[in-house]
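Anchor point for the sequence shown: position 114 equals 114 in our numbering, and the numbering is continuous, going up by one each time.
Heads up: the structure comes next, in structure tokens.
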Amino acid sequence: MRSMNSLCLFRSTRWLTQTDPIAYQLFDELPQRDVVSATSLISHFTRLNQHNKAISMFSKMFALNIKPNEFTFSVVMQSSVFLDDSNLGKQFHGVSIKLGLNSNVYVGSSLLNLYVKLSSVDEARFVFEDTHEPNAVSYTSLLCGYLKEDRFDEAMEVFRVIPERNVVSWNAMISGFSKKGRNEEAVDLFVEMLRRGCVPDQSTFPSLFSAAANMAVLGRGKSYHACALKYLGEVGVFVGNSLVSFYAKCGSLEDCVRVFGGLCERNVVSWNALICAHAQNGRGEAAIELFQRMKEVGVKPNSVTLLGLLLACSHVGLVDEAYTYFEQARTQDAELLKSEHYACMVDLLSRSGRFQQAEKFIQDLPFDPGLGFWKALLGGCQIHSNTKLGEYAAEKVLALEPGDVSSYVMLSNAHSAAGRWQSVSIVRNEMREKGLKTVPGCSWVEIKCKIHVFVTGDKRHAHKPEIYELLGYFLEHAMKSQETDFLREF
Numbered sequence: 001m002r003s004m005n006s007l008c009l010f011r012s013t014r015w016l017t018q019t020d021p022i023a024y025q026l027f028d029e030l031p032q033r034d035v036v037s038a039t040s041l042i043s044h045f046t047r048l049n050q051h052n053k054a055i056s057m058f059s060k061m062f063a064l065n066i067k068p069n070e071f072t073f074s075v076v077m078q079s080s081v082f083l084d085d086s087n088l089g090k091q092f093h094g095v096s097i098k099l100g101l102n103s104n105v106y107v108g109s110s111l112l113n114l115y116v117k118l119s120s121v122d123e124a125r126f127v128f129e130d131t132h133e134p135n136a137v138s139y140t141s142l143l144c145g146y147l148k149e150d151r152f153d154e155a156m157e158v159f160r161v162i163p164e165r166n167v168v169s170w171n172a173m174i175s176g177f178s179k180k181g182r183n184e185e186a187v188d189l190f191v192e193m194l195r196r197g198c199v200p201d202q203s204t205f206p207s208l209f210s211a212a213a214n215m216a217v218l219g220r221g222k223s224y225h226a227c228a229l230k231y232l233g234e235v236g237v238f239v240g241n242s243l244v245s246f247y248a249k250c251g252s253l254e255d256c257v258r259v260f261g262g263l264c265e266r267n268v269v270s271w272n273a274l275i276c277a278h279a280q281n282g283r284g285e286a287a288i289e290l291f292q293r294m295k296e297v298g299v300k301p302n303s304v305t306l307l308g309l310l311l312a313c314s315h316v317g318l319v320d321e322a323y324t325y326f327e328q329a330r331t332q333d334a335e336l337l338k339s340e341h342y343a344c345m346v347d348l349l350s351r352s353g354r355f356q357q358a359e360k361f362i363q364d365l366p367f368d369p370g371l372g373f374w375k376a377l378l379g380g381c382q383i384h385s386n387t388k389l390g391e392y393a394a395e396k397v398l399a400l401e402p403g404d405v406s407s408y409v410m411l412s413n414a415h416s417a418a419g420r421w422q423s424v425s426i427v428r429n430e431m432r433e434k435g436l437k438t439v440p441g442c443s444w445v446e447i448k449c450k451i452h453v454f455v456t457g458d459k460r461h462a463h464k465p466e467i468y469e470l471l472g473y474f475l476e477h478a479m480k481s482q483e484t485d486f487l488r489e490f
């Protein structure tokens with residue numbers, strides 16, 4: 001009878017989507033209320049994001065002398081995560097210890113997720129060690145905690161001892177390393193994943209393409225594209241969007257457009273990726289045309305769309321058009337505007353040499369300008385050798401970030417372009433006195449699926465003799481030649 005009552009409540013609450021007291025009423029009218037019916041009601045509230053009601057129901061269980069089980073804890077602890085309340089989660093942890101459920105794998109996995117998201121991985125590690133026979137979910141939650149805190153070696157140690165690694169744990173590692181800029185390790189993990197016979201899924205490839213894009217390895221990325229087609233059959237919108245972004249960052253607009261055209265489903269992210277691709281590659285007019293097409297097919301632009309549009313205008317110097325789009329957003333849908341859009345306008349005005357407008361725009365900001373605004377202004381001053389305003393912008397930058405090396409470099413370059421060599425010397429001396437050093441520039445090239453990185457003044461490269469011999473050869477020909485077309489020989 002009790003299980004039948006619980007089943008009836010469970011089926012009833014599945015169909016309730018209102019915030020009225022019907023669910024409470026159903027529970028109160030049950031002849032015999034038990035842990036299954038109470039847990040079903042808590043689960044109902046969490047599905048509707050009514051987390052305070054879920055917690056209230058959990059408390060009510062004790063008043064009704066209903067003892068929570070492991071499934072109750074795994075459900076109610078989701079509420080503390082959604083409410084971003086670590087203290088509440090610790091109280092649930094304490095209750096689970098009192099009831100002797102803290103070592104249960106379901107409770108342990110929920111606690112691990114809670115501590116990883118709201119507290120520290122060290123506390124999560126304590127829970128993990130307290131869990132009896134942790135499963136793949138437990139291990140994956142713990143390694144995600146280490147990745148979140150940039151503790152990559154410890155994350156790898158946990159990953160290596162997972163009894164049965166599945167696609168979720170592999171994806172967590174690939175995604176974690178990719179998001180933290182450890183791109184080479186991310187793609188190496190993908191290769192190892194395939195070698196060990198684990199089949200990738202839709203969640204594997206976006207992180208993989210992101211890592212490949214960050215390294216700008218077009219050839220390798222195309223092989224990963226082939227893998228996606230092999231294992232997934234059809235590329236969905238989620239993977240398709242990441243592919244569009246990958247080809248865009250690698251400068252392959254043709255592939256970018258081809259992937260976009262082949263998508264069976266396109267959302268605002270798809271359109272944003274294509275618009276930003278054209279903006280990044282200097283195709284401002286094409287980006288604006290795509291924006292018009294996007295609106296024509298009924299896709300509503302968001303803040304990312306607007307940012308891509310402003311960047312497109314910035315790259316090709318369409319100042320008036322950018323102003324028009326910005327003003328339309330400000331008057332028609334102000335919620336679209338973020339600080340990035342204001343900063344983009346300052347950058348656009350500064351690059352085009354409209355310094356009075358840029359200054360007024362900064363003065364009229366509805367918030368205090370941050371570091372990015374003054375650096376945008378300083379960048380424009382460097383381009384147009386506006387040393388007076390550049391010094392003012394540099395003062396603002398250094399007041400906010402005294403150790404910002406790039407500001408000194410931009411100011412020095414502005415003085416240099418204006419022929420003010422004494423001022424250049426003053427800036428350089430100030431950098432030396434403060435112990436500030438510029439980060440060496442670097443470039444890289446992919447040859448036969450191997451990345452070769454070159455750093456300014458590099459003396460440690462494995463092929464240093466050959467590199468400097470070739471550079472010397474070029475310089476010798478450059479000095480002898482009266483024209484710049486000597487490279488045609490090659």
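Even for Gly, the Cβ is constructed at its ideal location relative to N, Cα and C.
Quantities reported herein were computed from a predicted structural model and do not represent experimental measurements.
Backbone secondary structure at residue i - three-state DSSP
i      : result
Cys442 : strand
His278 : helix
Gly472 : helix
Phe177 : helix
His132 : coil
Arg420 : coil
Arg493 : Only positions 1 to 490 of the chain appear in this structure, which leaves residue 493 out of reach.
Lys375 : helix
Asp122 : helix
Phe490 : Confidence at Phe490 is low in this model, with a pLDDT of 41, below 50, so the placement of that residue is unreliable and no value is reported for it.
Glu395 : helix
Gln363 : helix
Arg11  : Only weak support is given to the placement of Arg11: the predicted model assigns it a pLDDT of 46, under 50, and the question is left unresolved by the model.
Val299 : coil
Leu400 : helix
Gly390 : helix
Asp368 : coil
Gly380 : helix
Asn104 : coil
Gln32  : coil
Gly435 : coil
Ser141 : helix
Leu83  : coil
Ser385 : coil
Asn413 : helix
Counterpart residues of residue i in DSSP-defined beta bridges
i      : result
His463 : Answer is none; His463 lacks a bridge partner.
Phe515 : Summary: the structure shown does not reach residue 515, with the chain confined to residues 1 through 490, and so no result is reported for it.
Bounding residues of the alpha helix (DSSP H) (the contiguous stretch that carries residue i)
i      : result
His51  : His51 to Ala63
Cys264 : Element bounds for Cys264: n/a, residue is neither H nor E.
Ile42  : Val35 to Arg47
Arg555 : Because the chain here runs from 1 to 490, residue 555 falls outside it and cannot be looked at.
Leu311 : Ser303 to Val316
Ile66  : From DSSP, Ile66 is part of no alpha helix (DSSP H); its letter is neither H nor E.
Ile162 : First-last for Ile162: undefined, no H or E at that position.
Glu285 : Gly284 to Glu296
Phe92  : Ser86 to Lys98
Own chain residues within Cβ distance below 7 Å of residue i, not counting five before or after
i      : result
Cys566 : Lying outside 1 to 490, the shown extent of the chain, residue 566 is not represented and no answer is given.
Phe260 : Val244, Ser270 and Leu274
Gln78  : Thr46
Thr131 : Ser103, Val105, Gly108 and Ser138
Ala279 : Ala287, Gly308, Leu311, Ala312 and His315
Val35  : Ile66, Lys67, Pro68, Asn69 and Thr72
Ile42  : Ala54, Met57, Phe58, Thr72, Val75 and Val76
Pro369 : Ile362
Close Cβ partners of residue i (< 6 Å) along its chain, the five nearest in sequence each way excluded
i      : result
Met294 : Trp271
Lys396 : Trp374
Val81  : Leu114 and Lys117
Close-in-space but distant-in-sequence residues of the same chain around residue i (CB under 8 Å, 5 per side omitted)
i      : result
Ser169 : Ala136, Tyr139, Thr140, Leu143, Phe159 and Ile162
Glu321 : Ile288 and Cys313
Tyr473 : none
Leu290 : Trp271, Leu274, Ile275 and His278
Any non-hydrogen atom of the ligand FMN within 7 Å of residue i CB
i      : result
Ile426 : Because no ligand of any kind appears in the structure shown, any question about the ligand FMN cannot be addressed here.
Any C-beta of chain C under 8 Å from that of residue i
i      : result
Ser406 : Of the protein chains in the structure, only one exists, and it is not chain C.
Length-filtered (4 minimum) alpha helix (DSSP H) runs lying within the segment 329-356: As far as the segment 329-356 is concerned, its whole alpha helix (DSSP H) runs of at least 4 residues are 339-351.
Going residue by residue through the segment 193-262, where are the continuous alpha helix (DSSP H) segments of at least 4 residues, counting only ones entirely within it? Runs of the alpha helix (DSSP H) inside the segment 193-262: 205-215, 218-232, 237-249 and 253-262.
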